[in-house]
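Each residue of the sequence shown is one higher than the one before, starting from 735 at the first, in the numbering used here.
Glycine residues also receive a C-beta, built at the ideal position from the N, C-alpha and C atoms.
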Amino acid sequence: MDTSFFVALAMFAFITSVTPGPNNIMLLASGAQFGFRRTIPHMLGIVLGMSSLLLATLLGLGAVFSLYPPLYSVLQWLGCVYLLWLAWKIASAPVGRLESGELAAKPMSWWQAALFQYVNPKAWMMSLGCVSTFAIAGDDYLTSGMSILLAFACLGFIAISIWAWAGMKIRIWLTEPKRQRGFNYLMGLATALTLFMIIG
735 MDTSFFVALA MFAFITSVTP GPNNIMLLAS GAQFGFRRTI PHMLGIVLGM
785 SSLLLATLLG LGAVFSLYPP LYSVLQWLGC VYLLWLAWKI ASAPVGRLES
835 GELAAKPMSW WQAALFQYVN PKAWMMSLGC VSTFAIAGDD YLTSGMSILL
885 AFACLGFIAI SIWAWAGMKI RIWLTEPKRQ RGFNYLMGLA TALTLFMIIG
């Protein structure tokens with residue numbers, strides 16, 4: 735394992751984490767509706783969920799999908815249905831005065847965000863792709879596996895924080911219920927469209 739390995743892994747972890755996907759679209763919407771601070775548990779849940787997913791893949795879950803491909807297809811369909819439900823929830827979120835906390839909706843909790851990774855098609859693609867590319871068989875398996883977990887925990891958190899921060903900046907513009915409703919519709923549509931980006 736040389737420097738090029740760690741540079742390539744760092745680039746993979748950051749780029750796959752920062753590109754648009756269900757997590758990032760929801761963080762953008764959460765940052766706009768609830769602010770950055772209240773979105774932090776959501777971000778931590780993503781990191782914890784992704785870390786546990788990577789660990790499970792390193793421990794052999796990816797091999798199970800290789801042996802039984804229909805299981806992965808079932809998981810993908812479940813993820814798609816749940817993602818569409820989340821898109822509807824975002825689009826139909828209540829509108830009101832953001833600064834006074836009158837909205838009835840609550841940001842996603844850390845455990846909800848962590849569990850979501852297991853039905854998130856992009857998270858599975860990232861996990862399976864990363865482990866198959868960067869996990870080194872033999873004596874370096876443990877070291878390479880720990881490097882993967884560390885890269886996604888650190889760089890992944892930085893990457894997703896950008897989306898929550900961008901949402902917080904958009905929050906300033908969402909001073910009227912009409913704008914909030916339009917933004918919710920847009921974010922719900924964007925969440926649904928990530929399915930085509932991932933599966934298509």
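Practice task
Determine the closest residue to M921 out of L793, G901, W907, with distance taken between C-alpha atoms.
Solution key: Within the sequence shown, residue 921 is the residue found at index 187, counting from 1. Nearest option by C-alpha distance: G901.
Problem - For T750, the nearest candidate out of F930, I894, K912 (CA to CA) - result: Translated into positions along the sequence shown, residue 750 becomes position 16. Comparing Cα-Cα distances from T750 to each of F930, I894, K912, the minimum goes to I894.
Handout entry: Residue closest to A763, alpha-carbon to alpha-carbon, out of A857, T877, I824
Key = To locate residue 763, count along the sequence shown from 1; it is residue 29. Comparing Cα positions, the closest option is I824.
Handout entry: Range covered by the alpha helix (DSSP H) that runs through P756
Key = Here the question's residue 756 lines up with position 22 in the sequence shown. Start and end: 756-768.
Exercise for the section: Give me the Cα-Cα distance between P756 and G794, rounded to the nearest whole angstrom. Expected result: On the sequence shown, position 22 is the one that residue 756 refers to. On the sequence shown, position 60 is the one that residue 794 refers to. Spanning the two alpha carbons is a distance of roughly 25 Å.
Practice task
Given a cut-off of 8 Å, decide if T791 and S861 are closer than it, judged by their beta-carbon atoms.
Solution key: Position 127 of the sequence shown holds residue 861. Position 57 of the sequence shown holds residue 791. For S861 and T791, yes; Cβs fall inside 8 Å.
Problem - Residue of P828, G890, E910 minimising C-alpha distance to L778 - result: The count along the sequence shown starts at 1 and reaches residue 778 at position 44. Of the candidates P828, G890, E910, the one whose C-alpha sits nearest the C-alpha of L778 is G890.
Handout entry: Within 8 Å, strictly: CB atoms of L820 and L883
Key = Within the sequence shown, residue 820 is the residue found at index 86, counting from 1. Within the sequence shown, residue 883 is the residue found at index 149, counting from 1. The answer is no: Cβ separation not under 8 Å.
Practice task
Output the distance between the C-alpha atoms of F917 and V781, rounded to the nearest integer angstrom.
Solution key: Translated into positions along the sequence shown, residue 917 becomes position 183. Translated into positions along the sequence shown, residue 781 becomes position 47. F917 and V781: Cα-Cα distance of roughly 26 Å.
Problem - Sufficient close CB pairs (3 or more, under 8 Å) joining the stretch 806-821 to the stretch 841-861 - result: yes
Practice task
Could you give the DSSP three-state label for N918: helix, strand or coil?
Solution key: Start at 1 with the first residue of the sequence shown, and residue 918 comes out as number 184. Reduced to three states, the DSSP call for N918 is helix.
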